[in-house]
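Adding 111 to a residue's 1-based position in the sequence shown gives its number in my numbering.
Structure first, then comments.
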Amino acid sequence: MKTIIIGGGLSGLASAYRMLKDDTSDVVILEKGYEVGGMAASYHIGNYHIEKYYHHIFESDSELIDLIGSLGLGADLQWLKGTTGYYIDGKIYPMNTPIELLKSPLSVPDLIRLARIVLMTRRAKDEEIYKLDRVTAKEWILKNAGRSVYERFFEPLLRSKFGSSHDRVSAAWLFGRIRIRSNRSTSGEKLGYLRGGFHRLVTRLTESIVAMGGEIRTNCEVSEIGIVDGSVSGVTAGGRMDCDSVISTAPPHALLKMVADAPDIPYQGTACALFGMNRSLMKDMYWLNIKSSVPFGAVIEHTNFLPLSDYGEHLVYVTAYFQDDTDPRWRSSEQELIDSYLDGLLELFPDFHRDDISWWRLARDIDTAPVYLTNYIEKIPRYSTDIKGLYLAGMFSRTNYPERSMNGSILAGFGCAEEIRKRIRA
Ligand SMILES: Cc1cc2nc3c(=O)[nH]c(=O)nc-3n(C[C@H](O)[C@H](O)[C@H](O)COP(=O)(O)OP(=O)(O)OC[C@H]3O[C@@H](n4cnc5c(N)ncnc54)[C@H](O)[C@@H]3O)c2cc1C
Numbered sequence: 112m113k114t115i116i117i118g119g120g121l122s123g124l125a126s127a128y129r130m131l132k133d134d135t136s137d138v139v140i141l142e143k144g145y146e147v148g149g150m151a152a153s154y155h156i157g158n159y160h161i162e163k164y165y166h167h168i169f170e171s172d173s174e175l176i177d178l179i180g181s182l183g184l185g186a187d188l189q190w191l192k193g194t195t196g197y198y199i200d201g202k203i204y205p206m207n208t209p210i211e212l213l214k215s216p217l218s219v220p221d222l223i224r225l226a227r228i229v230l231m232t233r234r235a236k237d238e239e240i241y242k243l244d245r246v247t248a249k250e251w252i253l254k255n256a257g258r259s260v261y262e263r264f265f266e267p268l269l270r271s272k273f274g275s276s277h278d279r280v281s282a283a284w285l286f287g288r289i290r291i292r293s294n295r296s297t298s299g300e301k302l303g304y305l306r307g308g309f310h311r312l313v314t315r316l317t318e319s320i321v322a323m324g325g326e327i328r329t330n331c332e333v334s335e336i337g338i339v340d341g342s343v344s345g346v347t348a349g350g351r352m353d354c355d356s357v358i359s360t361a362p363p364h365a366l367l368k369m370v371a372d373a374p375d376i377p378y379q380g381t382a383c384a385l386f387g388m389n390r391s392l393m394k395d396m397y398w399l400n401i402k403s404s405v406p407f408g409a410v411i412e413h414t415n416f417l418p419l420s421d422y423g424e425h426l427v428y429v430t431a432y433f434q435d436d437t438d439p440r441w442r443s444s445e446q447e448l449i450d451s452y453l454d455g456l457l458e459l460f461p462d463f464h465r466d467d468i469s470w471w472r473l474a475r476d477i478d479t480a481p482v483y484l485t486n487y488i489e490k491i492p493r494y495s496t497d498i499k500g501l502y503l504a505g506m507f508s509r510t511n512y513p514e515r516s517m518n519g520s521i522l523a524g525f526g527c528a529e530e531i532r533k534r535i536r537a
């Protein structure tokens, strides 16, 4: 039995790891990029690694936490305070504790309406949430909390996450998100991080796969999945490779180029700059959401989350989601985009100078997250497809709803491995 896995992100690595551990199949991972890791890949800077896109985890990410433990990295998984804030009307408002919320620009009646929404999401049964898949988040908030809560609180967040699609995102998605993010104590939210970076998880997984006899080929793009009489026969990646099963972890539109039928799930892109700085930008704030006309939606100071001594310099992400390939954040040159981000920082932080920046890197990808429009839930593909031997796992899988995550991709990879094991046993 031979399985080819398309993509060496966490879904692909997790499915290979599980199949080899269970002795289900021989495994070859084909990754089009020059390295594995996908969205969870890292830069190697000086003597440390840092994720290309900001990453942390939640206490509910149990499969990821178990995997980190079974790979021998559990002692380095740490739970740290991740402070958040909101830049509104030219001012930064910390938003971590009830007292800080009371000082926010929301009026007391609006805060009560907001608290009511949070309670509603916590109490809702799954069936009720699924029904909200047909309603937009905007309609639902306007109806249940009023225009002022929508415009002052939710709209900027939705815009920052979904750009021009912000008013088409489903209320079911919003419910799921509020549930995850409101599960915090009165002193704020604890977030998890693997000291040394999630690069260590990717490396340990890769080493284990190779040690168990798996093969990983990088710079190897799959252009076609071969199908004979409704069953998978192999793939084309430069040359032809035969196999019994294929797990595709590529985004839907990339899958569509390889096989005639693929799930119809829209994705959005991210343009995420990382700045090495010689001083702190936001004092003790980790994550700042922004309501302003600057071309980014959040500023994330990694070294206000992890100790500065792990890196020896301040690390700040400046990031934006964009909806399609016409967006200037995708079309402009790297230098133009960085300049526009720096101009934005100058506008928001009066003490900031360009000389504070020692270096920058830019990660830009057009397929970084599904966009959870209305009727999304019914489009989520199962692991097994109608083509015998073709399985799908990735950021579009059910385990990655209502938010894609490392945990969700690992679970999806495990899910496909289990489907293949069941098929062999049957
Ligand atoms: C900005 C950002 C912030 C994030 N923050 C967090 C966070 O804080 N916490 C968290 O848990 N998660 C976070 N995530 C999500 C997490 O990184 C992803 O859910 C996870 O890494 C996705 O893994 P995947 O394998 O499903 O997909 P991907 O990582 O996209 O992997 C798919 C792989 O397939 C390859 N591929 C595509 N087409 C082909 C082809 N034709 N042939 C061969 N290879 C192909 C791609 O190159 C890629 O490597 C974040 C993601 C982003 C973008």
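In this text, a Cβ means the ideal position worked out from N, Cα and C, and glycines have one as well.
Following a CB-centred definition, is Met65 positioned closer than 7 Å to any heavy atom of ligand 1?
The requested residue 65 is not part of the displayed model; the chain covers only 112 to 537.
Got a sec: does ligand 1 put a non-hydrogen atom nearer than 7 Å to the Cβ of Gly118?
Residue mapping note: residue 118 aligns to position 7 of the sequence shown, counting from 1. Yes - ligand 1 has a heavy atom lying nearer than 7 Å to the Cβ of Gly118.
Rounded separation between Gly350 and Val370 - CA only
Here residue 350 refers to the residue found at position 239 of the sequence shown. Here residue 370 refers to the residue found at position 259 of the sequence shown. In a straight line, the C-alpha of Gly350 is about 17 Å away from that of Val370.
Note down, in chain order, each residue of its chain lying with its Cβ closer than 8 Å to the Cβ of Glu266, except the 5 sequence neighbours on either side.
The residue labelled residue 266 in the question sits at position 155 within the sequence shown. Contacts found: Lys249 and His277.
Could you tell me whether the Cβ atoms of Trp63 and Thr195 are closer together than 8 Å?
Residue 63 lies beyond the residue range present for the chain, which begins at 112 and ends at 537; the question has no answer from this structure.
At the level of alpha carbons, what is the spacing between Ile179 and Ser218?
Along the sequence shown, read from residue 1 onward, the residue named residue 179 stands at position 68. Along the sequence shown, read from residue 1 onward, the residue named residue 218 stands at position 107. Cα to Cα, the separation comes out at about 43 Å.
Less than 8 Å between the beta carbons of Leu188 and Ile176, yes or no?
Translated into the one-based positions of the sequence shown, residue 188 becomes position 77. Translated into the one-based positions of the sequence shown, residue 176 becomes position 65. Result yes, Cβ atoms of Leu188 and Ile176 sit closer than 8 Å.
Indicate the three-state DSSP secondary structure (helix, strand or coil) for His425 in the structure shown.
As a first step, residue 425 is located in the sequence shown; it is residue number 314 there, counting from the start. His425: strand per DSSP, three-state reduction.
Got a sec, what are the start and stop residues for the beta strand (DSSP E) Tyr304 sits in?
Counted from its first residue, the sequence shown places residue 304 at position 193. Unbroken beta strand (DSSP E) run through Tyr304: Lys301 to Leu305.
At a cut-off of 7 Å, would you count Cys383 as near ligand 1, judging by its Cβ distance to the nearest heavy atom?
Sequence index remark: in the sequence shown, residue 383 carries index 272 (1-based). Flag set: Cβ of Cys383 near ligand 1.
So the candidates are Ala235, Cys383, Pro362 and Arg311; which of them puts its Cα closest to the Cα of Gly185?
One-based indexing of the sequence shown puts residue 185 at position 74. Closest option to Gly185, Cα to Cα, is Arg311.
Do we get a CB-CB distance below 8 Å when we pair Leu522 with the residues of chain B?
Although the question refers to chain B, the structure presented lacks it and comprises just one protein chain.
To test your reading of the DSSP string, which unbroken beta strand (DSSP E) runs of 3 or more residues are found completely within the segment 343-407?
350-353, 356-359, 378-388 and 398-401
For Arg536, the residue or residues it bridges with in DSSP:
Stepping through the sequence shown from its first residue, residue 536 is reached at position 425. Per DSSP, none; premise fails for Arg536.
Could I get the ranges of all uninterrupted beta strand (DSSP E) runs contained in the segment 127-196, with 3 residues as the minimum, in chain order?
137-141, 153-156, 159-162 and 188-192
Reference Arg328, options Met388, Leu141, Ile336 and Lys132, closest by Cα
Here residue 328 refers to the residue found at position 217 when the sequence shown is read from its first residue. The candidate whose alpha carbon is nearest that of Arg328 is Leu141.
Kindly indicate the opening and closing residues of the beta strand (DSSP E) around Asp478.
Here residue 478 is taken as the residue at index 367 of the sequence shown, counted from 1. Per DSSP, Asp478 belongs to the beta strand (DSSP E) from Ile468 to Pro481.
Rounding to the nearest angstrom, what Cα-Cα distance links Asp133 and Arg532 in this structure?
As a first step, residue 133 is located in the sequence shown; it is residue number 22 there, counting from the start. As a first step, residue 532 is located in the sequence shown; it is residue number 421 there, counting from the start. If I take the Cα positions, the gap works out to 8 Å.
Straight-line gap, Phe169 to Asp340 (C-alpha atoms, nearest Å)
Taking the first residue of the sequence shown as position 1, residue 169 is located at position 58. Taking the first residue of the sequence shown as position 1, residue 340 is located at position 229. Rounded to whole angstroms, Phe169 to Asp340 spans 44 Å at the Cα level.
Please list, in chain order, all residues of the same chain as Lys402 whose beta carbon is under 6 Å from its beta carbon, the five residues on each side excluded.
Stepping through the sequence shown from its first residue, residue 402 is reached at position 291. Hits under 6 Å: Ile199 and Pro267.
Relative to the alpha-carbon of Glu326, which residue among Arg534, Arg536, Ala537 and Gly119 has its alpha-carbon at the smallest distance?
Along the sequence shown, read from residue 1 onward, the residue named residue 326 stands at position 215. Here the closest residue by C-alpha is Gly119.
Backbone CA spacing between Leu367 and Gly423 [nearest angstrom]:
Start at 1 with the first residue of the sequence shown, and residue 367 comes out as number 256. Start at 1 with the first residue of the sequence shown, and residue 423 comes out as number 312. Cα-Cα distance, rounded: 44 Å.
Going along the chain, which unbroken runs of the alpha helix (DSSP H) with 4 or more residues stay wholly within the segment 489-534?
none
Three-state secondary structure assigned by DSSP to Val339
Your numbering for residue 339 matches position 228 in the sequence shown. Reduced to three states, the DSSP call for Val339 is strand.
Would you call the CB atoms of Arg139 and Ile117 closer than 8 Å?
In the sequence shown, residue 139 corresponds to position 28, counting from 1. In the sequence shown, residue 117 corresponds to position 6, counting from 1. Note that residue 139 corresponds to Val in the displayed sequence, not to Arg. The answer is no: Cβ separation not under 8 Å.
Restricting to runs no shorter than 4 residues, where is the alpha helix (DSSP H) found entirely within the segment 239-302?
248-256, 266-273 and 282-292
With distances taken Cα to Cα, identify the nearest neighbour of Pro216 among Pro377, Leu243 and Arg263.
In the sequence shown, counting from the first residue as 1, residue 216 sits at position 105. Nearest of Pro377, Leu243 and Arg263 to Pro216, Cα basis: Arg263.
If distances are taken between C-alpha atoms only, which option among Ser334, Gly505 and Tyr494 comes closest to Glu530?
One-based indexing of the sequence shown puts residue 530 at position 419. Minimum Cα distance to Glu530 is reached at Tyr494.
Can you tell me whether Asn511 is buried or exposed, with buried defined as 16 or more other CB within 10 angstroms of its CB?
Start at 1 with the first residue of the sequence shown, and residue 511 comes out as number 400. Classification of Asn511: buried, given that the 10 Å Cβ count is 16 or more.
Based on the DSSP output, what are the partners of Phe433 in its beta bridges?
Along the sequence shown, read from residue 1 onward, the residue named residue 433 stands at position 322. In the DSSP output, where bridge partners are listed per residue, Phe433 has Gly380.
Roughly how many angstroms lie between the CA atoms of Glu514 and Lys272, to the nearest whole one?
Against the sequence shown, residue 514 aligns to sequence position 403. Against the sequence shown, residue 272 aligns to sequence position 161. Roughly 11 Å separates the two Cα atoms.
So what's Val410 in DSSP terms, helix, strand or just coil?
Walking along the sequence shown from the start, residue 410 turns up at place 299. Strand at Val410.
Please look up how many angstroms separate the CB atoms of Glu332 and Lys163, rounded, as I've assumed it's under 8 Å.
Position 221 of the sequence shown holds residue 332. Position 52 of the sequence shown holds residue 163. Contact flag wrong, Cβ pair sits at about 20 Å.
So Ile449 packs on Leu473, CB below 8 Å; how close in whole Å?
In the sequence shown, residue 449 corresponds to position 338, counting from 1. In the sequence shown, residue 473 corresponds to position 362, counting from 1. With 8 Å as the limit, Ile449 and Leu473 qualify as a contact, their Cβ atoms being about 6 Å apart.
Which residues in the same chain as His160 place their Cβ atom closer than 6 Å to its Cβ, once the five residues preceding and following it in sequence are excluded?
The residue you call residue 160 lines up with position 49 of the sequence shown. Only Ser153, Gly308 and His310 meet the Cβ criterion.
What does the alpha-carbon distance come out to for the pair Leu222 and Leu213?
Residue 222 sits at position 111 when you count from the first residue of the sequence shown. Residue 213 sits at position 102 when you count from the first residue of the sequence shown. If you take the alpha carbons of Leu222 and Leu213, they lie about 8 Å apart.
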